[in-house]
Amino acid sequence: IGKGTYSNVYKAKDLITGKIVALKKVRIDNMEAESVKFMAREILVLRKLDHPNVIKLEGLVTSRISSSLYLVFEYMEHDLAGLIAGIGVKFSEPQVKCYMKQLLSGLEHCHSRGVLHRDIKGSNLLIDDEGILKIADFGLATFYDSKQKHAMTSRVVTLWYRPPELLLGATFYGVGIDLWSAGCILAELLGGKPIMPGRTEV
């Protein structure tokens with residue numbers, strides 16, 4: 001159901017409970033050291049978060065046979081990018097308010113726990129059939145402390161949602177980068193398409 005830089009995501013069924021879950025399969029044997037670091041940090045970040053609008057890591061499973069690690073997540077039926085791209089789909093103002101309230105609530109929780117997501121975009125915002133939105137894919141997330149700032153990479157956030165300071169190479173930043181991306185999502189929900197679909201940083 002999805003593919004990432006170092007993983008594939010599958011829809012699966014828990015044979016004991018019958019619950020449908022999403023399995024993120026990560027091959028460990030051929031991963032570079034940097035990718036292992038990102039993977040470990042993603043797990044640490046997810047374990048620190050617990051909020052209705054943040055995807056829940058339900059467990060970890062390892063496979064000695066295939067040298068793989070499986071991250072078990074709750075299953076969500078849709079992502080916001082897919083819904084926006086749907087033919088004839090136009091969100092009403094109450095729907096936009098509902099999704100934005102959930103997105104900002106989830107971000108507030110992340111930021112209060114010292115976590116920057118750093119890749120807010122439609123495909124990382126999952127939605128179930130009840131209209132519940134959850135922030136997902138913490139592969140680029142990092143811990144931060146507003147009182148003790150340290151340099152971080154500016155090569156984060158998908159280009160269309162990247163704030164000006166990152167485009168200019170800033171390495172000291174905070175929650176504003178996630179909020180800029182959330183603003184881009186708001187404009188996209190209202191307009192039905194990305195507002196800055198650039199191919200270059202210029």
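Residue numbering for the sequence shown is 1 to 202, as defined by the UniProt record's numbering. Each residue gets a CB set at the ideal place from its N, CA and C atoms; glycine is no exception. If you're wondering where the values come from, they're calculated on a predicted model, not measured in any experiment.
*Sort Tyr10, Asp119 and Lys134 by Cα distance to leucine 126 and report the nearest one.*
One-based indexing of the sequence shown puts residue 126 at position 126. Answer by Cα proximity: Lys134.
*Using a Cβ-Cβ cut-off of 7 Å (strictly less than) and excluding sequence neighbours within five positions of glycine 191, which residues of its own chain qualify?*
For this step, residue 191 is matched to residue 191 along the sequence shown. Excluding sequence neighbours, glycine 191 sits near nothing in its chain.
*Shortest alpha-carbon distance to arginine 64 belongs to which of Arg27, Lys97 and Pro94?*
Here residue 64 is taken as the residue at index 64 of the sequence shown, counted from 1. Measuring from the Cα of arginine 64, the nearest candidate turns out to be Arg27.
*Taking the alpha carbon of glutamate 130 as the point to measure from, which residue in Tyr75, Leu15 and Lys3 has its own alpha carbon closest?*
Position 130 of the sequence shown, counting from 1, holds the residue named residue 130. For the residues Tyr75, Leu15 and Lys3, the minimum Cα distance to glutamate 130 belongs to Tyr75.
*Exposed unless 16 or more other CB atoms sit within 10 angstroms - verdict on serine 181*: As a first step, residue 181 is located in the sequence shown; it is residue number 181 there, counting from the start. Buried is the call here.
*asked:* Quick check on the DSSP output: the alpha helix (DSSP H) that includes arginine 41 runs from which residue to which?
replied: Taking the first residue of the sequence shown as 1, we reach residue 41 at position 41. Unbroken alpha helix (DSSP H) run through arginine 41: 33–48.
*In chain order, what residues of the same chain lie with their CB nearer than 7 Å to the CB of isoleucine 55, ignoring the 5 residues before and after it?*
By one-based count along the sequence shown, residue 55 stands at place 55. For isoleucine 55, where only same-chain residues beyond five positions count, the Cβ hits under 7 Å are Phe73, Glu74, Leu126, Lys134, Ile135 and Ala136.
_C-alpha gap between glycine 169 and leucine 159, whole angstroms_ = Numbered from its first residue, the sequence shown carries residue 169 at position 169. Numbered from its first residue, the sequence shown carries residue 159 at position 159. Looking at the two C-alpha atoms, the distance is approximately 13 Å.
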